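Contents: one structure, followed by commentary.
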Amino acid sequence: MIILTPGKLLTKVIGSSSLYNSKDCTHRRFSTCLSLFGLGAVVAYLHIHGGQNLAFPGLAALIPNLVLALLLVFRTNTAHDRFWEGRKSGEGVVVNIR
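Numbering (numbering that gives the first Met the number 0), first residue to last: 0 to 97.
In structure tokens:
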């Protein structure tokens with residue numbers, strides 16, 4: 000049984016490991032997680048010890064959520080219409096061939 004890690008698999012497929020560097024990828028993920036953890040710690044410290052009210056206004060979250068929901072609904076509806084148009088065209092081809 001041969002077990003290939005993503006780096007070795009990519010090396011076998013492409014022939015070079017310069018495109019995939021797992022150490023760099025891990026370092027970037029770790030630094031991002033560490034910076035977000037630090038931001039959360041600062042916000043928590045200010046909320047507990049600083050007496051700051053860091054509440055997020057509900058309306059500020061509601062409006063982008065509604066816009067995103069409408070965008071997703073119309074994208075889904077458009078994709079569904081395209082699917083049915085393609086299916087109708089495919090059925091038309093089958094009927095014309097017979």
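We put the CB at the ideal spot given by N, CA and C, even for glycine.
Everything numeric in this text was worked out from a predicted model, so none of it was measured.
Per-residue DSSP class, three states only, for residue i
{"i": "R27", "result": "helix"}
{"i": "A43", "result": "helix"}
{"i": "G37", "result": "helix"}
Extent of the continuous alpha helix (DSSP H) to which residue i belongs
{"i": "F82", "result": "G57 to I96"}
Spatial distance of residue i from residue j (CA atoms)
{"i": "H46", "j": "H26", "result": "30 Å"}
{"i": "V92", "j": "R28", "result": "50 Å"}
{"i": "F77", "j": "E84", "result": "The question names Phe, yet the displayed sequence has Thr at residue 77. For T77 and E84, the distance between alpha carbons rounds to 11 Å."}
{"i": "T80", "j": "R86", "result": "According to the sequence shown, residue 80 is Asp rather than Thr. Each residue's Cα considered, the two are about 10 Å apart."}
{"i": "V42", "j": "S34", "result": "12 Å"}
{"i": "G57", "j": "S88", "result": "47 Å"}
{"i": "I62", "j": "F73", "result": "17 Å"}
Proximity test, residue i beta-carbon vs the ligand MG heavy atom, cut-off 7 Å
{"i": "R27", "result": "Although the ligand MG was asked about, the structure shown includes no ligands whatsoever."}
Same chain only: Cβ atoms within 6 Å of residue i, ignoring 5 sequence neighbours per side
{"i": "V94", "result": "none"}
Contact set for residue i: own chain, Cβ-Cβ below 7 Å, skip 5 residues either direction
{"i": "A54", "result": "none"}
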